[in-house]
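Q: Just so you know, we're using this note's numbering here: the sequence shown kicks off at 1 and counts up by one. Glycine is no exception: its CB is placed at the ideal position from the N, C-alpha and C atoms. Can you keep this structure in mind? I'll have questions shortly.
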Amino acid sequence: MSDLSHYLILVTTGLVAGVINTLAGGGSNLTLPALMLLGMPADVANATNRVGVFLQCAVGVRGFRKAGRLPQEDLPGILGLTMAGGLAGAVMASVLPNLYLKPLMLGMIVCMTLVMLVRPALIVPPPGTPPRPIRQSHGSWPALFLAGFYGGFVQAGVGFMLLAAFAGALRYDLVRANALKLLCTLMFTGVALLVFAMADQVLWLPGLVLALGTMIGAQIGVGLAIKISPVAMKWTLLGMTLAACGAAWVS
Numbered sequence: 001m002s003d004l005s006h007y008l009i010l011v012t013t014g015l016v017a018g019v020i021n022t023l024a025g026g027g028s029n030l031t032l033p034a035l036m037l038l039g040m041p042a043d044v045a046n047a048t049n050r051v052g053v054f055l056q057c058a059v060g061v062r063g064f065r066k067a068g069r070l071p072q073e074d075l076p077g078i079l080g081l082t083m084a085g086g087l088a089g090a091v092m093a094s095v096l097p098n099l100y101l102k103p104l105m106l107g108m109i110v111c112m113t114l115v116m117l118v119r120p121a122l123i124v125p126p127p128g129t130p131p132r133p134i135r136q137s138h139g140s141w142p143a144l145f146l147a148g149f150y151g152g153f154v155q156a157g158v159g160f161m162l163l164a165a166f167a168g169a170l171r172y173d174l175v176r177a178n179a180l181k182l183l184c185t186l187m188f189t190g191v192a193l194l195v196f197a198m199a200d201q202v203l204w205l206p207g208l209v210l211a212l213g214t215m216i217g218a219q220i221g222v223g224l225a226i227k228i229s230p231v232a233m234k235w236t237l238l239g240m241t242l243a244a245c246g247a248a249w250v251s
């Protein structure tokens with residue numbers, strides 16, 4: 001397979017992953033195997049993948065903010081917890097293999113899917129539900145820190161953990177929960193990318209090629225998230241969850 005074919009795969013995979021990550025999560029279950037097709041070891045692929053994730057989140061956050069769907073309240077507490085977790089996870093990932101968390105990730109995705117089928121109100125609050133201030137929802141604190149830690153460590157599937165914290169614990173609607181998810185992912189991915197770059201584990205050219213696709217996908221995803229109804233959003237999230245789970249099984 002030629003270099004051009006590899007890069008076309010990265011752009012195409014990145015586009016699909018950008019849409020998936022913006023609407024739900026789990027796009028790294030597609031992009032990590034694509035990067036390893038280039039012959040990258042798992043740790044280098046894990047680090048290089050963050051280039052696409054970071055730029056994708058920057059595009060997504062800009063789109064949600066422009067549409068007035070990015071909540072401003074409680075941002076210092078939310079970002080502080082997830083960035084602290086992201087730093088701890090990235091430091092660990094720079095020295096340890098990431099394969100041990102795959103069963104945990106798959107179990108989390110499957111559990112969230114079952115909750116959405118059986119008790120959807122636990123994850124998807126009814127329209128008009130007021131969000132809970134983070135200072136009054138202490139149970140969300142460890143969830144946000146652990147989501148940041150997991151995102152700093154391996155990234156794949158972190159969107160589901162963040163959505164569970166924002167929609168399930170803090171009761172944001174799915175559009176605003178997705179906006180917050182992208183902002184948090186942008187911040188702790190920036191921290192993780194810095195750690196991996198200092199460890200010389202980032203291959204910048206493949207990462208930027210991948211980012212071209214993820215940025216286009218994020219722009220498409222923001223438009224879909226804002227336009228579709230809450231019911232359609234719930235079923236879209238469910239479909240993305242199942243697709244990500246299937247991709248993780250075969251990767």
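How long is the line joining the alpha carbons of residue 91 and residue 83, rounded to whole angstroms?
A: When rounded, the distance between both Cα atoms is 12 Å.
Q: Report the three-state DSSP secondary structure of residue 228 (helix, strand or coil).
A: The answer is coil: DSSP assigns residue 228 none of H, G, I, E or B.
Q: Buried or exposed: where does residue 193 fall if 16 or more other Cβ atoms within 10 Å of its Cβ makes it buried?
A: Buried, since its Cβ has 16 or more Cβ neighbours within 10 Å.
Q: May I ask which residues mark the beginning and end of the alpha helix (DSSP H) holding residue 188?
A: 174-198 is the extent of the alpha helix (DSSP H) around residue 188.
Q: With a 10 Å radius around its C-beta and 16 neighbouring C-beta atoms as the bar for buried, classify residue 161 as buried or exposed.
A: That one is buried.
Q: Would the stretch 54-69 and the stretch 170-190 be scored as touching if the rule is three or more Cβ pairs under 8 Å?
A: With the cut-off at 8 Å, the stretch 54-69 and the stretch 170-190 touch.
Q: Which value, in whole angstroms, describes the spacing of the CA atoms of residue 332 and residue 4?
A: Given a span of 1 to 251 for the chain in the structure shown, any question on residue 332 remains unanswerable.
Q: Can you give the Cα-Cα distance for residue 166 and residue 177, rounded to whole angstroms?
A: Going from the Cα of residue 166 to the Cα of residue 177 covers about 5 Å.
Q: Report the three-state DSSP secondary structure of residue 219 (helix, strand or coil).
A: Of the three classes helix, strand and coil, the one that applies to residue 219 here is helix, per DSSP.
Q: Going by DSSP, what residue range makes up the alpha helix (DSSP H) through residue 134?
A: First-last for residue 134: undefined, no H or E at that position.
Q: Take residue 219 and list the residues in its own chain whose beta-carbon comes closer than 6 Å to its own, dropping the five residues that flank it on each side.
A: Taken in chain order, the residues that qualify are 59.
Q: Comparing alpha-carbon positions, which option in 140, 42, 81, 222 lies nearest residue 93?
A: That would be 42, whose Cα lies nearest to the Cα of residue 93.
Q: With a 10 Å radius around its C-beta and 16 neighbouring C-beta atoms as the bar for buried, classify residue 16 as buried or exposed.
A: When all chains shown are included, residue 16 counts as buried.
Q: If you follow the alpha helix (DSSP H) that residue 56 is part of, which residue opens it and which one closes it?
A: From DSSP, the alpha helix (DSSP H) with residue 56 extends over 42-66.
Q: Note down, in chain order, each residue of its chain lying with its Cβ closer than 6 Å to the Cβ of residue 27, except the 5 sequence neighbours on either side.
A: Cβ within range, chain order: 17, 20, 21.
Q: Run through DSSP, which three-state label would residue 167 get?
A: It is helical.
Q: In the structure shown, what three-state DSSP assignment does residue 142 receive?
A: Residue 142 falls in the helix class under three-state DSSP.
Q: Please return the same chain residues whose Cβ sits closer than 8 Å to the Cβ of residue 70, not counting the five positions on each side in sequence.
A: Around residue 70: 61, 64, 176, 179, 180, 183.
Q: Under 8 Å, do residue 75 and residue 224 count as touching if we go by C-beta distance?
A: Going by C-beta atoms, residue 75 is not nearer than 8 Å to residue 224.
Q: Is residue 74 helix, strand or coil by DSSP?
A: Of the three classes helix, strand and coil, the one that applies to residue 74 here is coil, per DSSP.
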